[in-house]
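Accompanying notes for the structure given below.
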Amino acid sequence: MSTDLIMNGLQQSLILAIIAYGIMIPFRFLDFADLTADGAYPLGGAICAICMSGGVHPALAIFYGMICAGAMGVCTALIHLKFRVNSMLGGVILSAMAYSVNLRIMGKPNIALFDYDGLFGANIINNMLLIVTLLACCMIPFAVFLRTDFGLRFRVVGLNPNLAQLQCISIEKYTIFGLFLAGALFGLAGSLMVQLQSYMDVGIGVGILIHGLASLMIGEAIISNSTLNRQLLAPLLGALVYQQVQGVALSLGLAPSDLKFFTGTIVLLVIALKKSKTKMSG
Amino acid sequence: MLQLNNVSKSFSGIFEPVLKEINLSVAEGEFCTVIGANGSGKSTLMKIISGEHLADSGKIKKNGDVTQVVQDVNKGTIPSMTMLENIALSRMKTPRFSFYKRHKNEIVDKIRSLNIGLEKFIDQPLSVLSGGQRQTIATLMALNSGRKILLLDEHTSALDPKMQKMLMEYTARSIRELGLTTLMITHNMEEAVKYGDRLIMMHNGRIVFDLKGSKKSQLKIQSLLEMFHKFEDQNLLYGGKNVH
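One line per chain: the protein sequences are H and Z, in this order.
Sequential numbering from 1398 applies to the first sequence in the working numbering.
Sequential numbering from 211 applies to the second sequence in the working numbering.
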């Protein structure tokens, strides 16, 4: 593999890590199977693209993308909480709806942004530093939050909802907050990807969930999620490893069209390994 | 203070009500033990007081928030969280945007006062502890929650005799010190006689006797067992129908 390929892989994996964090928050802290990523990721990208083409500063365009995708996460939470719709079903329905919404926002299936200045330049190291900074700006406050009274209550919502109710913890408020955060992270990843590629296509979100999930699973398989620190490190580590594995597989001749099959196999393998490990230790 | 007026409860599929017009008034700081055979309605009564079940009819008046320790330790604790996190959680009546570790020294002192060496596990997940040790922590959580009404549902039943005695002594002492209004379900007649200011027996969804003051303090295990068996025999004779 060439250095360029590795560096590009690293750059992509940092964006993938943001998605993996977005998946981790509802899955691991709220026990909420959220499938909004496939809709919120392109929504963030679409908002960012349309803002940039309208002359909005690229940083502000990212912010708007995050807010809108976060709002989509809130909608998923409300559909589940108010109408008692299964969390997965709610996410799938909203993601399908988001496709039409994105087309409406963009006015066409794709937008080229080559004539507009984004946050990224030609220097790949600087680009990576920028993504790491943005990721740190989101995740360090979140890691600190988890160690506060409110953060502890947030974690209880997913671990023991009965106890949460006994402790007078509002499951609704924390679920809405968590899904907003997850949605905003998907929006951030979508916006960054659009600026990195200088191009937005309405189909960029198809299957993004499975890539993020694979990253999270791989990360947890490598360092486990037995402590809070390990849990918070797992998505980043998983994304870095997963993207490199993907790169190796492609360089060894795997057809890009087989990538999703490859990813699905990895996810299933990791789940099977985890289960057999639990059986052996239990 | 805890007051129940004509509280009844039925469950679908069960012909007879589980609770039948229960009237009970527990004074502030009063420690009340509840005995009764399985199916007499004790746990349903607790669940109605805690808000887990809604009563079909009647009124419940509580002068404070309720905390409880149940038999199933997994319901009252989070095994994957550390001991510190579990206990800190129970102390957060008014959560703040500050680190929960600020409670650490105070919590370690509390655990140390139990004299069973659990303080060394303060930063370990609760899953490393035995069931009895976890139940001790669950009790500690309830006692330190700052809530006024405490419900204990056979909280020592899964422990070995030594641990049972230690935890019961600690619970009773803390209830006195904190002035908690307490309802404690137990099947242990010795506990029922020894602890508490008042003893209630339930049978077929009703309170069938209620002893307090000198009557309670003079009560002997033998006479309590005789009363218990009298109701049980009636239950067998009359096919579970209420005879009062």
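The beta-carbon is built from N, C-alpha and C at its ideal position, and this holds for glycine as well.
All values derive from a computational prediction rather than experimental measurement.
Could you name the residues of chain C that L1556 (chain H) contacts, counting a contact when the two beta carbons are closer than 8 angstroms?
Absence of chain C from the displayed structure is noted, the protein chains being H and Z.
Nearest-angstrom Cα distance between D333 (chain Z) and T1545 (chain H)?
16 angstroms
Can you tell me whether A1509 (chain H) is helix, strand or coil according to DSSP?
A1509 (chain H): strand per DSSP, three-state reduction.
Output the boundary residues of the beta strand (DSSP E) element that contains G246 (chain Z).
241-246 is the span of the beta strand (DSSP E), which, as asked, contains G246 (chain Z).
May I have the straight-line CA-CA distance separating D266 (chain Z) from N216 (chain Z), to the nearest angstrom?
Their backbone Cα atoms lie some 10 angstroms apart in a straight line.
Suppose the cutoff is 6 angstroms on Cβ atoms and the five residues either side in sequence are ignored; what does the same chain contact list for G1515 (chain H) look like?
Same-chain partners within the cutoff: P1455, Q1592.
Could you tell me whether the Cβ of S1621 (chain H) comes closer than 9 angstroms to any Cβ of chain Z?
no
Tell me, please, which residues DSSP counts as bridged to M411 (chain Z).
Z:I245, Z:F419
Count the other CB atoms, across all protein chains shown, that sit within 10 Å of the CB of P371 (chain Z); report buried if there are 16 or more and exposed otherwise.
exposed
Quick one: which unbroken alpha helix (DSSP H) runs of 4-plus residues sit fully inside the stretch 220-296 of chain Z? Chain order, please.
252-260, 283-286
Alpha carbon to alpha carbon, what distance is there between K440 (chain Z) and L1680 (chain H)?
Outside the displayed span of chain H (1398 to 1679) sits residue 1680 (chain H), for which this structure offers no information.
According to a CB-to-CB cut-off of less than 8 angstroms, which residues of the stretch 305-316 of chain Z neighbour chain H?
P305, R306, F307, S308, F309, Y310, K311: these are the residues of the stretch 305-316 of chain Z whose beta carbon lies less than 8 angstroms from some beta carbon of chain H, given in chain order.
Shorter than 9 angstroms from the beta carbon of L1613 (chain H) to some beta carbon of chain Z?
For L1613 (chain H), the answer is no, since every Cβ of chain Z falls outside 9 angstroms of its Cβ.
Among all the DSSP beta bridges, which residues are the ones paired with L361 (chain Z)?
Z:Q278, Z:L393
Classify F441 (chain Z) as helix, strand or coil using the three-state DSSP reduction.
helix
Hey, I245 (chain Z) and A402 (chain Z): beta-carbon distance below 9 angstroms or not?
Closer than 9 angstroms, so yes.
Chain Z partners of R1544 (chain H), CB-CB under 8 angstroms?
The contacting residues are F309, Y310, K311.
DSSP on Q1408 (chain H), reduced to helix/strand/coil?
helix
Rank H:D1655, H:N1520, H:V1599 by C-alpha distance to the C-alpha of G1704 (chain H) and give the top, closest one.
Limits of chain H in this structure are 1398 at one end and 1679 at the other, which puts residue 1704 (chain H) out of reach.
Thinking just about the alpha-carbon of each residue, which of Z:I288, Z:N398, Z:L377, Z:I259 is nearest to the one in S235 (chain Z)?
Z:I259
Please report the distance separating the alpha-carbon of A1540 (chain H) from that of A1417 (chain H).
15 angstroms
Output the distance between the C-alpha atoms of L1543 (chain H) and F1583 (chain H), rounded to the nearest integer angstrom.
20 angstroms
Is the Cβ-Cβ distance between A1579 (chain H) and L1413 (chain H) less than 9 angstroms?
no
Can you tell me whether Y448 (chain Z) is buried or exposed, with buried defined as 16 or more other CB within 10 angstroms of its CB?
With a pLDDT of 46 at Y448 (chain Z), under the threshold of 50, the modelled position of this residue cannot be trusted; read the value that follows with caution. The residue in question, Y448 (chain Z), is exposed, as its Cβ has fewer than 16 Cβ neighbours within 10 Å.
In whole angstroms, give me the CA-to-CA distance for Y1571 (chain H) and P1423 (chain H).
10 angstroms
If P1558 (chain H) sits next to I1568 (chain H), beta carbons under 8 angstroms apart, how far is it from one beta carbon to the other, in whole angstroms?
Contact holds; Cβ gap of about 6 angstroms.
How long is the line joining the alpha carbons of I1566 (chain H) and L1647 (chain H), rounded to whole angstroms?
Between I1566 (chain H) and L1647 (chain H), the C-alpha separation is close to 47 angstroms.
Using a Cβ cut-off of 9 angstroms (strictly closer), state whether L299 (chain Z) contacts chain H.
yes
What residues from the stretch 1524-1553 of chain H come within 9 angstroms of chain Z, judged by C-beta to C-beta, listed N to C?
V1541, F1542, R1544, T1545, D1546, F1547, G1548, L1549, R1550, R1552, V1553
Do I1490 (chain H) and I1502 (chain H) have their beta-carbon atoms positioned less than 9 angstroms apart in this structure?
No.
State buried or exposed for E1617 (chain H), treating a residue as buried only when at least 16 other CB atoms are found within 10 Å of its CB.
Burial check for E1617 (chain H): the Cβ neighbour count within 10 Å reaches 16 or more, so the residue is buried.
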